[in-house]
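>
There are 2 protein chains.
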Amino acid sequence: MKEIKVGLIGFGTVGSGTAQVLFEQKERLKKRTGTSIVLKKIADICTKSLPDHFTGTELTADAAEIINDPDIDIVIELIGGTTLAKKFILDAIANGKHVVTANKALLSLHGMEIFTAAAAKNVEIGFEASVGGGIPLIKSLKEGLVANKILSIMGIMNGTGNYILTQMTDHGTDFHDVLKDAQKKGYAEADPTYDVEGIDTAHKLVILMTMAYGMDVRLEDISCEGITRIEPIDIQFAEEFGYRIKLLAISRNHDDHVEARVHPTMVPEKHMLANINGAYNGFYFTGDMVDNIMLYGQGAGKMPTGSAVVADVVDIARNITHNCINRVPSLSYMADQIAPRRITPMEELRCPYYFRFSTLDKPGVLSRISGILGQHDISIESVIQKGRERKGTVPIVMRTYEANEASVCHALKEINAMETTTAETVKIRILVDDEE
Amino acid sequence: MKEIKVGLIGFGTVGSGTAQVLFEQKERLKKRTGTSIVLKKIADICTKSLPDHFTGTELTADAAEIINDPDIDIVIELIGGTTLAKKFILDAIANGKHVVTANKALLSLHGMEIFTAAAAKNVEIGFEASVGGGIPLIKSLKEGLVANKILSIMGIMNGTGNYILTQMTDHGTDFHDVLKDAQKKGYAEADPTYDVEGIDTAHKLVILMTMAYGMDVRLEDISCEGITRIEPIDIQFAEEFGYRIKLLAISRNHDDHVEARVHPTMVPEKHMLANINGAYNGFYFTGDMVDNIMLYGQGAGKMPTGSAVVADVVDIARNITHNCINRVPSLSYMADQIAPRRITPMEELRCPYYFRFSTLDKPGVLSRISGILGQHDISIESVIQKGRERKGTVPIVMRTYEANEASVCHALKEINAMETTTAETVKIRILVDDEE
Chain A
7 MKEIKVGLIG FGTVGSGTAQ VLFEQKERLK KRTGTSIVLK KIADICTKSL
57 PDHFTGTELT ADAAEIINDP DIDIVIELIG GTTLAKKFIL DAIANGKHVV
107 TANKALLSLH GMEIFTAAAA KNVEIGFEAS VGGGIPLIKS LKEGLVANKI
157 LSIMGIMNGT GNYILTQMTD HGTDFHDVLK DAQKKGYAEA DPTYDVEGID
207 TAHKLVILMT MAYGMDVRLE DISCEGITRI EPIDIQFAEE FGYRIKLLAI
257 SRNHDDHVEA RVHPTMVPEK HMLANINGAY NGFYFTGDMV DNIMLYGQGA
307 GKMPTGSAVV ADVVDIARNI THNCINRVPS LSYMADQIAP RRITPMEELR
357 CPYYFRFSTL DKPGVLSRIS GILGQHDISI ESVIQKGRER KGTVPIVMRT
407 YEANEASVCH ALKEINAMET TTAETVKIRI LVDDEE
Chain B
7 MKEIKVGLIG FGTVGSGTAQ VLFEQKERLK KRTGTSIVLK KIADICTKSL
57 PDHFTGTELT ADAAEIINDP DIDIVIELIG GTTLAKKFIL DAIANGKHVV
107 TANKALLSLH GMEIFTAAAA KNVEIGFEAS VGGGIPLIKS LKEGLVANKI
157 LSIMGIMNGT GNYILTQMTD HGTDFHDVLK DAQKKGYAEA DPTYDVEGID
207 TAHKLVILMT MAYGMDVRLE DISCEGITRI EPIDIQFAEE FGYRIKLLAI
257 SRNHDDHVEA RVHPTMVPEK HMLANINGAY NGFYFTGDMV DNIMLYGQGA
307 GKMPTGSAVV ADVVDIARNI THNCINRVPS LSYMADQIAP RRITPMEELR
357 CPYYFRFSTL DKPGVLSRIS GILGQHDISI ESVIQKGRER KGTVPIVMRT
407 YEANEASVCH ALKEINAMET TTAETVKIRI LVDDEE
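In order, the protein sequences belong to chains A and B.
Quick note on numbering: the first sequence equals residues 7 to 442 in the working numbering.
Quick note on numbering: the second sequence equals residues 7 to 442 in the working numbering.
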């Protein structure tokens with residue numbers, strides 16, 4: 007039986023999950039591929055010994071022992087970070103090895119450099135595990151939806167953020183309390199910035215846009231707003247309007263320009279994305295032929311992510327044994343077809359908005375606020391003013407018709423400067439449901 | 007540029023959609039594959055002429071002109087049915103041509119014969135379009151989830167049936183009225199038997215089980231019950247218990263035996279499958295590594311199905327140009343690994359049940375019914391008896407704890423024979439939500 011040898015750098019959560027998948031599924035993979043995939047070496051600086059049943063696998067503290075091993079066909083990088091990981095990957099490529107990685111931060115920052123190096127050495131880069139854990143969405147975009155122009159990408163791409171929002175929704179708990187609890191339970195990291203500020207979601211959106219549109223995307227062009235300012239009262243008002251608040255990545259393909267943004271969004275409660283709860287992820291694509299498609303599953307975790315890493319290893323192993331490397335281009339379009347495109351500036355965005363104004367309960371306030379909105383061409387669709395007293399002030403809540411982001415910013419600046427305004431206005435963009 | 011030549015047999019809804027995808031996406035497919043995919047011939051007995059922009063494509067009434075054309079690499083069969091379609095496919099295979107088909111009925115009945123013939127000639131069979139329209143789920147099972155033992159397959163696999171149930175749920179309309187309306191609108195066929203009796207769903211389940219488990223499945227072993235007996239009153243009671251009624255395919259992999267059944271099911275309202283409405287489909291898989299995954303989209307339709315057909319054509323085209331035919335086994339396991347396995351007889355099933363008894367409003371009836379259930383080891387979890395008079399009788403509605411199907415059948419037989427019972431008891435199986 008043909009044999010493919012694999013080296014694994016990084017034996018943390020996902021690394022040990024990946025090794026476990028390779029051992030537990032060894033016989034199944036033989037039955038499916040006719041090939042034996044052998045985990046020859048694991049490199050990790052903190053690990054002193056391997057589990058007993060990892061027979062035949064060597065442990066080393068030195069990644070170079072994998073990168074320079076002429077016997078190893080595929081190097082799996084699972085140490086994370088963007089410095090050492092980048093060096094290891096580029097060194098492995100230079101040695102003619104195929105690479106599988108789950109490193110979304112690295113790919114969203116230095117993807118083009120890595121893919122260019124890989125193309126020059128005719129090796130493959132597998133990165134299914136970098137987005138959406140075990141959900142086979144990279145493969146679906148590259149192959150299953152190959153006959154589509156992707157018109158839009160939307161998704162809940164961060165399990166920690168969605169877990170926090172779900173807890174806030176179900177129990178009316180404050181953001182900071184839920185976060186503390188999530189950290190205690192291990193659902194959120196000690197430094198949760200990447201998750202709650204939308205940065206992790208933006209990393210994933212960069213990768214998906216690159217693949218879906220055949221486009222060279224820069225992370226800094228993506229507008230990114232987190233969930234730290236969402237309050238339970240906004241979630242309650244959202245419900246009254248028929249929405250759920252989700253941290254969405256949204257990208258729309260307008261041919262000459264492309265929307266790309268990450269922000270808390272009011273999602274109509276009947277939309278599939280509104281019903282994705284807890285640590286689950288949902289990726290919602292619209293193709294010009296296939297219409298709406300959603301892929302749903304656990305977007306992180308030891309074994310689901312290991313499942314995706316091993317799927318990539320198998321894919322590359324099949325290409326090695328069938329002598330068809332780069333049968334599918336790594337970025338789904340032929341390398342010479344990938345080009346930068348204009349990202350729509352946020353000021354040009356048009357969508358409906360939710361506003362929560364905090365004001366003193368004085369006569370004429372509502373009239374002045376709506377006057378300012380009118381001057382900026384922002385039409386009000388509905389208002390809730392309930393006199394729920396809150397820290398001495400009254401919330402006025404509005405839903406607008408479609409309005410322009412720049413106008414909204416100008417109007418809110420004026421309203422926030424009013425002497426009756428007691429706190430900065432909360433603004434949440436509303437998703438228009440195109441499914442109905 | 008390399009060129010792959012394709013012949014299309016059948017120019018109906020899906021056939022014309024497929025041809026449209028091939029023309030509209032021609033340039034995109036070149037950018038993604040470096041190959042030109044040319045639709046050389048279309049065979050159809052009813053079509054007199056092709057659209058003007060189909061330049062270079064010949065029209066013929068004789069499928070043999072495609073099957074015997076030495077120039078054609080891939081034959082697409084989209085005529086449906088199980089007689090002529092089977093002959094055309096086997097003839098094409100015998101001529102060494104690869105085949106792409108959306109024919110679920112044919113594959114669920116004669117799949118093994120076709121796959122064996124294809125293996126003998128070393129050609130490929132693409133059948134992504136046979137299940138779930140444009141949703142890339144066959145590829146996901148074969149490749150993306152390759153490192154998983156699939157533990158269960160559940161799904162809403164028929165858009166017509168789901169459209170009817172959704173209309174009944176949203177508007178309280180009677181099954182037959184919704185069906186008539188759906189037929190008028192073209193959502194249901196003149197003979198809706200396959201859709202509403204669950205047969206189409208069973209066809210799809212056979213294909214998915216074969217692939218997911220590496221198992222030789224026979225259609226006649228799948229227990230199949232349709233939605234024609236569901237009444238709006240059951241949908242209302244379901245809501246009171248926190249369920250939605252869906253026509254589900256359910257298969258669970260118990261190693262030594264495999265559950266395989268299609269029937270109306272009460273799905274907990276928080277389950278993802280409960281929220282799939284209208285003509286959409288949802289395929290919910292559980293893998294031992296990846297946990298729960300769901301793929302959602304339009305399970306039928308001209309362009310979505312065309313998208314899947316063309317994805318298969320591209321897959322095979324890549325294999326031809328890279329000289330790696332059968333890089334992935336058609337049935338996802340190596341041919342010698344596929345074996346029959348025992349299908350669990352329905353009598354052995356255990357699940358919770360919903361019953362609606364129609365009885366005369368007489369003292370002691372509830373006590374007698376619960377007595378009979380108790381004798382058969384069926385424990386009642388909750389009862390609703392509201393005295394809603396209905397054609398002179400009163401409905402008594404119950405939800406049971408997990409019970410055995412055979413015991414339930416015996417008990418209902420006794421209860422149906424009671425002199426106070428005015429109509430056959432309605433029985434709907436309840437899905438246990440393993441997601442929470």
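All C-beta atoms, glycine included, are put in the ideal place defined by N, C-alpha and C.
Here the structure is a predicted model, which is why all the values come from computation and not from measurement.
1) For Asp297/B, go through chain A and note every residue whose CB falls closer than 8 Å to its CB, in chain order.
2) Below 8 Å, can you find three or more Cβ-Cβ pairs linking the region 275 to 282 of chain B to the region 113 to 133 of chain B?
3) What are the partner residues of Ala188/B, as DSSP defines its beta bridges?
4) Please decide whether Leu37/A counts as near chain B, where near means a Cβ-Cβ distance under 8 Å.
5) Please name the residue, chosen from Asp240/A, Pro238/A and Glu231/A, that lies closest to Ile256/A on a Cα-to-Cα basis.
6) With 8 Å set as the bound, which would you pick, yes or no: does the beta-carbon of Arg347/A sit closer than that to a beta-carbon of chain B?
7) Within 10 angstroms of the Cβ of Val264/A, are there 16 or more other Cβ atoms? Answer buried if so, exposed if not.
8) Can a CB atom of chain B be found closer than 8 Å to the CB of Leu437/A?
9) Please check if any C-beta of chain B sits within less than 8 Å of the C-beta of Val320/A.
10) Could you check what DSSP says for Tyr200/B in three-state terms: helix, strand or coil?
11) When you compare each of Cys330/B, Ile375/B, Val320/B and Ala417/B to Ile10/B by their alpha carbons, which one comes out closest?
12) May I have the straight-line CA-CA distance separating His269/A from Leu254/A, to the nearest angstrom?
13) Measure the alpha-carbon distance for Thr19/B versus Ala91/B and round it to whole angstroms.
14) Considering only C-alpha positions, which residue in the set Ile82/A, His59/A, Ile251/A and Gly21/A is nearest to Thr443/A?
15) Excluding the 5 residues flanking Leu366/B on each side, which residues of the same chain have their C-beta closer than 7 Å to its C-beta?
16) Provide the residue span of the beta strand (DSSP E) that contains Val264/A, from first to last.
17) Suppose the cutoff is 7 Å on Cβ atoms and the five residues either side in sequence are ignored; what does the same chain contact list for Glu442/A look like?
18) Within this structure, are the beta carbons of Val403/B and Phe243/B separated by less than 8 Å?
19) Assuming Val137/A contacts Leu14/A (C-beta within less than 8 Å), just tell me the rounded distance between them.
20) To which residues does DSSP link Phe291/B through a beta bridge?
21) Going by DSSP, which residues form a beta bridge with Met424/B?
22) At a Cβ cut of 7 Å, what residues of the region 102 to 129 of chain B count as close to chain A, listed as they run along the chain?
23) Are the C-beta of Met221/A and some C-beta of chain B separated by less than 8 Å?
24) If contact means a Cβ-Cβ distance below 7 Å, which residues of the region 143 to 159 of chain A contact chain B?
25) Exposed or buried, which one is Cys357/B when buried takes at least 16 other CB atoms within 10 Å?
26) Which residue from Ile78/A, Leu112/A and Ile386/A puts its Cα closest to that of Lys93/A?
27) Residues of the region 23 to 51 of chain B in Cβ contact with chain A at a cutoff of 9 Å, in chain order, please.
28) Check the DSSP bridge columns for Ile80/B and list the partner residues they point to.
29) Taking the DSSP output, what are the residues bridged to Thr45/A?
30) Examine the Cβ distances between the region 155 to 165 of chain A and the region 346 to 361 of chain A and report whether three or more of them are shorter than 8 Å.
31) Strictly by DSSP, which residues pair up with Val432/A?
32) Once you ignore the five residues that flank Gly140/B on each side, which residues in its own chain have a CB closer than 7 Å to its CB?
33) Distance, Cα to Cα, Leu171/B vs Asp197/B?
34) Can you give me the Cβ contacts of Ile99/B inside the same chain, cut-off strictly under 7 Å, excluding the 5 residues immediately before and after it?
35) Under 8 Å between the Cβ atoms of Arg348/A and Thr431/A?
36) Strictly below 9 Å CB to CB, what residues from chain B border Arg333/A?
In this structure, then:
1) Gly140, Gly303, Gln304, Gly307, Met309 and Pro310
2) no
3) DSSP output for Ala188/B lists no bridge partner at all.
4) This sequence places Lys at residue 37/A; Leu is not what is there. Yes, Lys37/A lies at the interface with chain B (some Cβ there is under 8 Å from its Cβ).
5) Glu231/A
6) no
7) buried
8) no
9) yes
10) helix
11) Val320/B
12) 6 Å
13) 16 Å
14) Residue numbering for chain A in the displayed model covers 7 to 442; residue 443/A lies beyond these limits and cannot be assessed.
15) Thr399, Thr426 and Thr428
16) That residue, Val264/A, is in no beta strand (DSSP E); it is neither H nor E in DSSP.
17) Here Glu442/A scores only 43 on pLDDT, less than 50, and its place in the model is too uncertain to base an answer on.
18) yes
19) Actually they are not in contact, since the Cβ atoms of Val137/A and Leu14/A sit about 20 Å apart, beyond 8 Å.
20) Ile159/B and Ile299/B
21) DSSP lists no partner for Met424/B.
22) none
23) no
24) Lys145, Ser146, Glu149, Gly150, Leu151, Val152, Ala153, Asn154 and Lys155
25) buried
26) Leu112/A
27) Gly23, Gln26, Val27, Leu28, Glu30, Gln31, Arg34, Leu35, Lys36, Lys37, Arg38, Thr39 and Gly40
28) Val12/B and His104/B
29) Reading off the sequence, residue 45/A comes out as Leu, not Thr. Val12/A, per the DSSP bridge assignment.
30) no
31) Arg362/A
32) Gly303, Gln304, Pro310, Thr311, Ser313 and Ala314
33) 18 Å
34) Val105, Ala123, Ala124, Lys127 and Val129
35) no
36) Arg324, Asn325, Thr327, His328, Cys330 and Arg333
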